[in-house]
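Just so it is clear: in the sequence shown, position 77 is 89 by my numbering, and no numbers are missing.
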Amino acid sequence: MRHLVLLLSAFWLAACTQTASIDTAQTESPAAETARDFVEGRDYRRLEQSIEGAPDVIELFYYGCRACYHLTDELDDWSRSNNISLSLVPAHGQDHLVDGARLFHTLGVLGRLDLHRDAYVLFQQPSELDGADRINALLDERGIAREDFWNTWGSDAVNQRLAGSYQLTSLAGVQSTPSFIVQGKYVVEFGVIDGSEGLLSLLEHLVKAGE
């Protein structure tokens, strides 16, 4: 377990996360107005091993997940208005959902996570192109050299981040996306919560509970 903690610590330092910027103005979240009684074991669960140094909220996502895409703007606005650090980590197994995770990490190493929403579109909208051809079309459109991208795709830097996101997915034990790790202690799966308003209320509750 110590090896896992060290790996995840390196993962936070090097890595793959996109963290929401923080506004100085404080506003009350709409979720705060709809507080309810949340129950451990029903609405969320506790990790057996806490993750040291984790941000307030980690979203485990997949580019093919429509709910993840539709929540993007709402989560960004919520995190900024409440000064809550929100980071993104792709959920995947060793052989499952790996291409989407590798795409995210490649964009991260290249410093082009501004294409995060484009990657969702890439996975979710029908196209006559497939696989690498579809990615190449996006690269050409956004002015990224194909050679730079594909060299980075298989690089040690991306592989290291991929190992970290796999370990985090395994540690959290999530079976669906989006899922969330809060304060490195609690796991929330969107499917058990009634809509985005209930989700934000629960996340805010757990952020405060974990402080």
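In this text, a Cβ means the ideal position worked out from N, Cα and C, and glycines have one as well.
query = Looking only at C-alpha atoms, which of 215, 196, 190, 208 sits nearest to residue 71?
reply = Among 215, 196, 190, 208, the Cα nearest to that of residue 71 belongs to 190.
query = Any idea what DSSP makes of residue 51, helix, strand or coil?
reply = Residue state, collapsed to three classes: coil.
request  = Report yes or no: do three or more beta-carbon pairs, one from the region 149 to 158 and one from the region 205 to 216, lie closer than 8 Å?
outcome  = Segments in contact, no.
key: Runs of beta strand (DSSP E) wholly within the region 72 to 160 (minimum 3 residues, chain order)   = Taking only runs of at least 3 residues, the beta strand (DSSP E) segments lying wholly in the region 72 to 160 are 98 to 102.
query = Would you call residue 144 buried or exposed, if buried means 16 or more other Cβ atoms sit within 10 Å of its Cβ?
reply = When all chains shown are included, residue 144 counts as exposed.
key: Sequence-distant residues of its chain with Cβ nearer than 7 Å to residue 174 (five each side left out)   = Result list for residue 174: 113, 114, 117, in chain order.
ask   = Near residue 119, which residues of its chain fall below 6 Å by C-beta distance, leaving aside the five closest residues on each side in sequence?
value = Hits under 6 Å: 125, 127.
ask   = Between residue 220 and residue 62, is the Cβ-Cβ spacing less than 9 Å?
value = Contact flag unset, no.
query = Looking at the unbroken beta strand (DSSP E) that takes in residue 201, where does it start and where does it end?
reply = Per DSSP, residue 201 belongs to the beta strand (DSSP E) from 198 to 201.
key: residue 100 vs residue 135 beta-carbon contact at 9 Å   = No; because the gap between Cβ atoms is not below 9 Å, this pair is not in contact.
request  = Mark residue 67 as exposed unless 16 or more other C-beta atoms lie within 10 angstroms of its C-beta, in which case mark it buried.
outcome  = With 16 or more other Cβ atoms within 10 Å, it is buried.
inquiry  = Could you compute how far the alpha carbon of residue 84 sits from the alpha carbon of residue 64?
reply    = Residue 64 has its alpha-carbon roughly 25 Å from the corresponding atom of residue 84.
ask   = What is the DSSP secondary structure of residue 170, reduced to helix, strand or coil?
value = Residue 170 falls in the helix class under three-state DSSP.
message = Tell me the residue span of the beta strand (DSSP E) that contains residue 191.
response = Taken as a continuous stretch (DSSP letters only), the beta strand (DSSP E) holding residue 191 covers 191 to 194.
ask   = How is residue 69 classed by DSSP in three states: helix, strand or coil?
value = If DSSP states are grouped into helix, strand and coil, residue 69 belongs with the strands.
ask   = Given a threshold of 16 other Cβ atoms within 10 Å of its Cβ, counted over all protein chains shown, does residue 45 qualify as buried or as exposed?
value = Below a pLDDT of 50, predicted positions are generally treated as unreliable, and residue 45, at 39, falls in that range; the measurement from the model is reported next regardless. With fewer than 16 Cβ atoms within 10 Å of its Cβ, residue 45 is classed as exposed.
task = Using alpha carbons as the reference points, say which of 137, 169, 193 lies closest to residue 58.
result = If we check each option's Cα against that of residue 58, 193 comes out closest.
query = When the distance is taken between beta carbons, is residue 204 closer than 9 Å to residue 55?
reply = With respect to residue 204, residue 55 sits close: the two C-beta atoms are nearer than 9 Å.
query = Could you give the distance in angstroms between the alpha-carbon of residue 149 and the alpha-carbon of residue 138?
reply = Each residue's Cα considered, the two are about 14 Å apart.
query = Alpha carbon to alpha carbon, what distance is there between residue 53 and residue 161?
reply = Approximately 43 Å, taken between the alpha carbons.
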